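Structure first, commentary second.
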Amino acid sequence: VEELSHVLWAHRTTVKVSTGDTPFSLVYETEAVIPAEIGMPTIRTAEVNVTTNGDKRRIDLDLLEERRERAAICEAKAKSKMKGYYDAKVRGVSFRPGDFVYRVNGASHTEDAGKLGPKWEGPYEVTEALGNGAYKLRDMDGRELPRTWNICNLKRCYL
Numbered sequence: 001v002e003e004l005s006h007v008l009w010a011h012r013t014t015v016k017v018s019t020g021d022t023p024f025s026l027v028y029e030t031e032a033v034i035p036a037e038i039g040m041p042t043i044r045t046a047e048v049n050v051t052t053n054g055d056k057r058r059i060d061l062d063l064l065e066e067r068r069e070r071a072a073i074c075e076a077k078a079k080s081k082m083k084g085y086y087d088a089k090v091r092g093v094s095f096r097p098g099d100f101v102y103r104v105n106g107a108s109h110t111e112d113a114g115k116l117g118p119k120w121e122g123p124y125e126v127t128e129a130l131g132n133g134a135y136k137l138r139d140m141d142g143r144e145l146p147r148t149w150n151i152c153n154l155k156r157c158y159l
């Protein structure tokens, strides 16, 4: 718990790829001065002029809205890029009546064999596609399963 403030400081002063800026600078309109820079003279702390500091702060405040808009544009670009990566890898899956599928074992809550048990049950035959990824199933003995099953709990069975 005592390290939390240090971790948060590191998080707030790190440049984020999605915004192109640090969270600290977007909130407080200036770059953070780390505690090590306060105790010893560095270029950044040595060039601070008390008389012109107020003018620099006013300029920073004028540019703040522009920085935030730039961060919003960078964030939208990063979201679009992530969406493109996801959409390139995701496969659209749908089943038709007559297809055979396996059902995830944990979804039925009937058999709990632990982590070494089978992950999938089946095969089952799809009897009806209800839309929005919902399907009615029938087991190999011809008995209808009592409820609908979502596509996220099913995977194709190649018989």
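Numbering (full-length UniProt numbering), first residue to last: 1 to 159. All C-beta atoms, glycine included, are put in the ideal place defined by N, C-alpha and C. Note that the structure is a prediction, hence the values are computed from the model and not measured.
Would you mind giving the Cβ-Cβ distance between residue i and residue j, rounded to the nearest angstrom? I have them listed as a contact below 8 Å.
{"i": "T19", "j": "E75", "result": "5 Å"}
{"i": "E121", "j": "Y102", "result": "7 Å"}
{"i": "L130", "j": "D139", "result": "Contact flag wrong, Cβ pair sits at about 18 Å."}
{"i": "N105", "j": "P118", "result": "6 Å"}
{"i": "A72", "j": "V17", "result": "No, A72 and V17 are not in contact; Cβ-Cβ is about 14 Å, not under 8 Å."}
Across which residues does DSSP place residue i in a beta bridge pair?
{"i": "V104", "result": "W120"}
{"i": "L4", "result": "Paired residue(s): none; L4 is not in a bridge."}
{"i": "Y135", "result": "A129, W149"}
Using a threshold of 9 Å, state whether the C-beta atoms of residue i and residue j are closer than that.
{"i": "T42", "j": "E31", "result": "no"}
{"i": "V93", "j": "I151", "result": "yes"}
{"i": "T14", "j": "I34", "result": "no"}
{"i": "E29", "j": "D60", "result": "yes"}
{"i": "L116", "j": "T127", "result": "no"}
Take residue i as the anchor and find which of the options has the nearest alpha-carbon.
{"i": "V27", "options": "N53, H6, E69", "result": "E69"}
{"i": "C157", "options": "K115, Y85, D141, G98", "result": "G98"}
{"i": "F95", "options": "E125, G39, D62, R57", "result": "E125"}
{"i": "W149", "options": "N132, R143, G142, D141", "result": "N132"}
Excluding the 5 residues flanking residue i on each side, which residues of the same chain have their C-beta closer than 7 Å to its C-beta?
{"i": "L159", "result": "F100, P123"}
Counting only the same chain and skipping the five closest in sequence on each side, list residues whose C-beta sits under 6 Å from that of residue i.
{"i": "R147", "result": "none"}
{"i": "A155", "result": "A quick correction: the sequence has Lys, not Ala, at residue 155. Once the five neighbours on either side are set aside, the close Cβ partners of K155 are Y102."}
For residue i, which residues from the same chain have a beta carbon less than 8 Å from its beta carbon, with the 5 sequence-adjacent residues on both sides left out?
{"i": "S25", "result": "E31, A32, R67"}
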